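Asks: Sharing a structure with you now.
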Amino acid sequence: MGFMDRLKGTAKQALNPVGQAGERNKIMRINKAGVQTPATVDAMREVGTQFGGGHQIEFDLTVHPDGGQDYHAHVSQSLHDVTLQGVAEGGNVIVKVDPDDPQSMLVWGAAGSGAG
Numbered sequence: 450m451g452f453m454d455r456l457k458g459t460a461k462q463a464l465n466p467v468g469q470a471g472e473r474n475k476i477m478r479i480n481k482a483g484v485q486t487p488a489t490v491d492a493m494r495e496v497g498t499q500f501g502g503g504h505q506i507e508f509d510l511t512v513h514p515d516g517g518q519d520y521h522a523h524v525s526q527s528l529h530d531v532t533l534q535g536v537a538e539g540g541n542v543i544v545k546v547d548p549d550d551p552q553s554m555l556v557w558g559a560a561g562s563g564a565g
């Protein structure tokens, strides 16, 4: 992705402050009230990069809730290299799941990496 593409993406984000605020509020809510849950990475692909070194990653996950049925989820999230360490297809990760919306979650890091 070239500089101009990044600049256009940044400009597009700046034009949607409501969407950004909603996303920020969602992240803050999950950080505070989310339930740490194991998941398996079925697939992951980088779909872009952001200023500051973040990698926009799309994940297909199988979530393994404690005492519940496994389910599939799709998550798109910006992650930095340190969070991505040890995260790979077929590997196990920790996600923080919104207790009010099981499809809303954040990838927290590789399981056993001390994430969280």
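Its first residue numbered 450, the sequence shown is counted upward by one per residue in this note's numbering.
Every residue gets a Cβ at the ideal spot worked out from N, C-alpha and C, and that includes glycine.
As the structure is a prediction and not an experimental result, all values here were calculated from the model.
Identify whether Asp530 lies in helix, strand or coil by the three-state DSSP scheme.
Replies: helix
Asks: Taking 8 Å as the threshold (C-beta atoms), are Ala559 and Gly540 in contact?
Replies: yes
Asks: To the nearest angstrom, how far is the alpha carbon of Thr489 from that of Asp549?
Replies: 21 Å
Asks: Can you determine whether any heavy atom of the ligand SAH sits closer than 7 Å to the C-beta of Val496, and answer yes or no?
Replies: In the structure on display, the ligand SAH does not appear, and there are no ligands present to speak of.
Asks: Output the boundary residues of the beta strand (DSSP E) element that contains Asp549.
Replies: Unbroken run through Asp549: none, as it is neither H nor E.
Asks: Anyone know if the C-beta pair for Asp491 and Leu510 falls short of 8 Å?
Replies: yes
Asks: Measure the C-alpha to C-alpha separation of Pro466 and Gln505 and round it to an integer number of angstroms.
Replies: In this prediction, Pro466 has a pLDDT of 49, which is less than 50 and means its spatial position is unreliable; what the coordinates show is noted afterwards. Those two C-alpha atoms are separated by around 19 Å.
Asks: Check whether chain C comes within 8 Å of His523, counting only Cβ atoms and requiring the distance to be less than that.
Replies: Any reference to chain C falls outside this structure, which holds one protein chain only.
Asks: Less than 6 Å between C-beta atoms, sequence neighbours within five positions excluded: which residues of the same chain meet that for Ala537?
Replies: none
Asks: So who's on the other strand from Asp509, going by DSSP bridges?
Replies: Ala492 and His523
Asks: Please list, in chain order, all residues of the same chain as Lys481 whose beta carbon is under 8 Å from its beta carbon, the five residues on each side excluded.
Replies: none
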